[in-house]
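132 is the number that our numbering gives to position 147 of the sequence shown; each next residue is one higher, with no gaps.
Ideal placement from N, C-alpha and C gives every residue a C-beta, glycine not left out.
Source: prediction; values computed, not measured.
Read the structure below first, then the notes.
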Amino acid sequence: MKLNKSLLLYAITDRHWLNGKTLYSQVELALKGGATMIQIREKDLDENAFLKEAEQIQSLCAKYCVPFIVNDNVELAVKIGADGVHVGQSDMAAKDVRALIGKDKILGVSAQTVEQALEAQKCGADYLGTGAIFPTGSKDDAQVLGVQTLKEICSAVNIPVVAIGGISKDNILELKKSGIAGVSVISAIFAQNDIVAATAELKSLAEQIV
C-alpha cells in the first residue's frame, strides 16, 4: 500500500524551532532530506495566516510529491483540498471527520490504547499516530506509552501505525520489530542545525526498522 511508504518519515511542523527562519524554508529542507509526509501543526496562528501558510506548504509538498496533512483544522483541510487531516482524541470524532473529508482523503487519528486504536479503525482512520513512545518536550502533557503498548496497538489493527514522541536518531532503532510503518518526528528534524542531513540520517535509520 502506497500510504505505508509515505508514513516512513513523517515530519510535523513546529514554529518553536524557527529561530528567524520561515516554516516554508524549513519544510523544504526536510523534503530535500527525504521526509515522506508533512503535517502542518499550528495552534496559535490566526485563521488567515494559517490558510496562507498552509497553501504555500501544500504547493511545496506537491512539488516533492509528498502528502500534505493538516493537524486538527478539518475545515481548513477541506477548504484547500489538503491530502488529509490528522485528529487527536480530544478533537472532532473520526467518523465525523471522515464524513466531512470524503473517502479519498487520508485520515490519521491519534491513539494511546488498543481500544482507541480499534475504534479509530472502525470509524475510517487510514493510519494511527501512537505515542508518546519516549519522553518528549514537544507536548507537555504527553504520557509516555512505551514500546510494549506500541507493539500491542500494531498487532491489534489492520491499518498502519506511526510511532511519535521523543523519537531521535539515538533511540529510533529501539522500535525495530514493533510493527510500525514509520516514525513521526518534530524536533529530531526541525530543531537540528542541518535539517537536510538530520532528515536523511533519520530516513536511513527508519528504513532499518520497518
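Give the range of the beta strand (DSSP E) segment to which residue i is assigned.
| i | result |
| --- | --- |
| residue 92 | 91 to 95 |
| residue 56 | 53 to 56 |
Return yes when the Cβ of residue j is within less than 8 Å of the Cβ of residue i, no when it is not.
| i | j | result |
| --- | --- | --- |
| residue 99 | residue 92 | no |
| residue 76 | residue 54 | no |
| residue 180 | residue 11 | yes |
| residue 196 | residue 58 | This structure cannot speak to residue 196, because the chain is shown only from -14 to 195. |
| residue 138 | residue 121 | no |
| residue 174 | residue 15 | yes |
| residue 131 | residue 146 | no |
| residue 119 | residue 73 | no |
| residue 84 | residue 96 | no |
| residue 109 | residue 148 | no |
| residue 40 | residue 65 | yes |
| residue 2 | residue 182 | no |
| residue 159 | residue -7 | no |
| residue 152 | residue 168 | yes |
| residue 102 | residue -11 | no |
| residue 86 | residue 63 | yes |
| residue 36 | residue 9 | no |
What residue does the alpha helix (DSSP H) around residue i start on, and which one ends it?
| i | result |
| --- | --- |
| residue 191 | 180 to 194 |
| residue 163 | Careful: residue 163 lies outside any alpha helix (DSSP H) and carries neither H nor E. |
| residue -11 | -13 to -9 |
| residue 64 | 59 to 65 |
| residue 173 | 172 to 175 |
Within 10 Å of its beta-carbon, does residue i have 16 or more other beta-carbons around it, so buried, or fewer, so exposed?
| i | result |
| --- | --- |
| residue 60 | exposed |
| residue 189 | exposed |
| residue 38 | buried |
| residue 128 | exposed |
| residue 184 | buried |
| residue -13 | exposed |
| residue 4 | exposed |
| residue 187 | buried |
| residue 43 | buried |
| residue -9 | buried |
| residue 90 | buried |
| residue 13 | buried |
| residue 117 | buried |
| residue 134 | buried |
Quiz item: With contact counted as at least three CB pairs below 8 Å, one residue from each stretch, are the region 21 to 29 and the region -10 to -1 in contact?
Solution: The region 21 to 29 is in contact with the region -10 to -1.
Quiz prompt | Residue ranges of each alpha helix (DSSP H) within the region -4 to 39, 4 or longer | solution = If we require 4 residues or more, the alpha helix (DSSP H) runs fully inside the region -4 to 39 come out as 8 to 18.
Exercise. Enumerate, from N- to C-terminal direction, the unbroken alpha helix (DSSP H) stretches of 4 or more residues contained entirely within the region 72 to 149.
Key: You should have 79 to 86, 99 to 107, 132 to 141.
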